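Those letters in the sequence shown? Residues 64 to 317, per my numbering, in order.
Backbone N, C-alpha and C fix where the C-beta goes; we use that ideal spot for every residue, glycine too.
Predicted model only: the values in this text are computed from it and were never measured.
Below is one structure, written out as structure tokens; comments come after it.
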Amino acid sequence: MKKTNKILLIVSTILVLGLSGCSKVSKEKQNITISAAASLKEPLEEIKGIYEKENNMNITLNLGASGTLQKQIEQGADCDIYISASPKQINVLEKKNLIKKDSKIDLLQNKLVIISNKESNKNLDPNDSELKFSIGTPKVVPAGDYAKESLENMGMYDKLKDKIIYAKDVKQVLSYVETNNVDFGMVYKSDALSSDKCKIYEVVDDNMHKPIIYPAAIVESTKNESQSDKFIKHLKSSESKLIFEKYGFECVNN
Numbered sequence: 064m065k066k067t068n069k070i071l072l073i074v075s076t077i078l079v080l081g082l083s084g085c086s087k088v089s090k091e092k093q094n095i096t097i098s099a100a101a102s103l104k105e106p107l108e109e110i111k112g113i114y115e116k117e118n119n120m121n122i123t124l125n126l127g128a129s130g131t132l133q134k135q136i137e138q139g140a141d142c143d144i145y146i147s148a149s150p151k152q153i154n155v156l157e158k159k160n161l162i163k164k165d166s167k168i169d170l171l172q173n174k175l176v177i178i179s180n181k182e183s184n185k186n187l188d189p190n191d192s193e194l195k196f197s198i199g200t201p202k203v204v205p206a207g208d209y210a211k212e213s214l215e216n217m218g219m220y221d222k223l224k225d226k227i228i229y230a231k232d233v234k235q236v237l238s239y240v241e242t243n244n245v246d247f248g249m250v251y252k253s254d255a256l257s258s259d260k261c262k263i264y265e266v267v268d269d270n271m272h273k274p275i276i277y278p279a280a281i282v283e284s285t286k287n288e289s290q291s292d293k294f295i296k297h298l299k300s301s302e303s304k305l306i307f308e309k310y311g312f313e314c315v316n317n
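Below, the structure is given as structure tokens:
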């Protein structure tokens with residue numbers, strides 16, 4: 064009898080430990096990684112903080128130039144969601160079957176502006192031999208592509224091309240202007256509004272460049288498709304819309 068009781072006690076202990084182990088696993092936080100254009104830093108960090116608390120999740124933000132992030136995904140980087148600052152990069156990934164079919168959405172719109180340091184009274188004169196003007200590196204930074212296209216259509220590129228300081232992403236352009244390393248820069252409106260050291264010198268006419276669209280999609284190699292899909296839906300929610308608009312973005316109605 065004692066032997067039977069001992070066996071029952073051992074079996075009961077194993078079951079309890081097993082159940083507690085299952086309970087622990089169920090409570091573990093899930094993780095998703097989002098590779099996103101550097102210009103999305105402020106709104107995504109705010110949305111991330113709220114979403115993590117409400118959904119028991121860890122979200123890793125990998126921010127950078129859209130072209131650089133595209134290359135990382137092509138090379139097999141760990142990534143669940145990709146948000147670029149231009150359709151071009153995400154379309155390339157789609158053609159290579161590197162994003163989930165039918166997961167792509169147009170998320171946001173933005174505007175392009177010319178900025179200067181808040182303390183500067185300098186006028187933008189393309190003929191000024193001392194002028195320094197910064198844009199993101201074209202073909203890598205979408206803002207740089209939009210900037211070059213705009214300067215060409217404004218008839219300013221040929222006069223400015225030898226005075227342009229190229230940056231690795233749009234945030235670096237902002238930094239160059241904030242620190243007076245350049246006189247002017249061309250960035251997104253949302254970036255200009257995020258700085259207390261810069262001012263908007265001029266809003267670029269939308270007709271001067273292709274529409275600035277931020278698409279989002281789930282990466283084909285994700286191991287967290289359901290959670291990724293849930294987060295993209297959250298990015299389209301009214302709560303996220305208010306946050307994006309606070310930072311100068313316009314939401315696209317899909």
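Check                                                                                                                                                                         : Outcome
For residue 257, which of helix, strand or coil comes out of DSSP?                                                                                                            : coil
Looking at C-alpha atoms only, which residue of 315, 128, 285 and 316 is the closest neighbour of residue 160?                                                                : 285
Does the distance from the CB of residue 149 to the CB of residue 175 come in under 8 Å?                                                                                      : no
For residue 200, count neighbouring C-beta atoms within 10 Å of its own C-beta (all shown protein chains included) and say buried if the count is 16 or more, exposed if not. : buried
Taking the Cβ atom as the reference point for each residue, do residue 147 and residue 233 lie within a distance shorter than 8 Å?                                            : no
Helix, strand or coil, according to DSSP, for residue 138 in the structure here?                                                                                              : coil
Measuring alpha carbon to alpha carbon, tell me which of 196, 222 and 278 ends up nearest residue 239.                                                                        : 196
My output table needs one value for residue 239: the three-state DSSP class, helix, strand or coil.                                                                           : helix
Applying the criterion that 16 or more other CB atoms from any shown protein chain within 10 Å of the CB defines a buried residue, is residue 242 buried or exposed?          : exposed
For residue 282 and residue 145, which I take to be in contact (beta-carbon distance under 8 Å), what is that distance rounded to the nearest angstrom?                       : 6 Å
Between the C-alpha atoms of residue 268 and residue 302, what's the straight-line distance to the nearest angstrom?                                                          : 29 Å
Consult DSSP for residue 187 and reduce its assignment to one of helix, strand or coil.                                                                                       : coil
Could you check where the alpha helix (DSSP H) with residue 306 kicks off and where it finishes?                                                                              : 301-309
Helix, strand or coil for residue 397? Go by DSSP, reduced to three states.                                                                                                   : For residue 397 there is no data in the structure shown, the boundaries of the chain being 64 and 317.
Which word fits residue 173, buried or exposed, when buried means at least 16 other C-beta atoms lie within 10 angstroms of its C-beta?                                       : buried
Residue range of the alpha helix (DSSP H) that residue 216 falls in?                                                                                                          : 205-216
With DSSP as the reference, please indicate the residues paired to residue 94 in a beta bridge.                                                                               : 121
Since residue 122 and residue 95 should fall inside the 8 Å C-beta cutoff, what is the C-beta to C-beta distance between them, to a whole number of angstroms?                : 6 Å
Buried or exposed for residue 113, please, with buried defined as at least 16 other CB atoms from any protein chain shown within 10 angstroms of its CB.                      : exposed
Hey, could you find the ends of the beta strand (DSSP E) residue 278 is sitting in?                                                                                           : 276-281
Could you say which of 205, 132 and 204 lies nearest to residue 99 if we only look at CA atoms?                                                                               : 132
Going by the DSSP bridge assignment, what does residue 318 pair with across the sheet?                                                                                        : In the structure displayed, the chain extends from 64 to 317; residue 318 sits before or after that span and is not available.
Between the alpha carbons of residue 327 and residue 276, how many angstroms are there, rounded?                                                                              : One cannot answer for residue 327 here, as it falls past the ends of the chain, which runs 64 to 317.
If distances are taken between C-alpha atoms only, which option among 297, 141, 247 and 120 comes closest to residue 228?                                                     : 247
From residue 313 to residue 141, what does the alpha carbon distance come to, in whole angstroms?                                                                             : 29 Å
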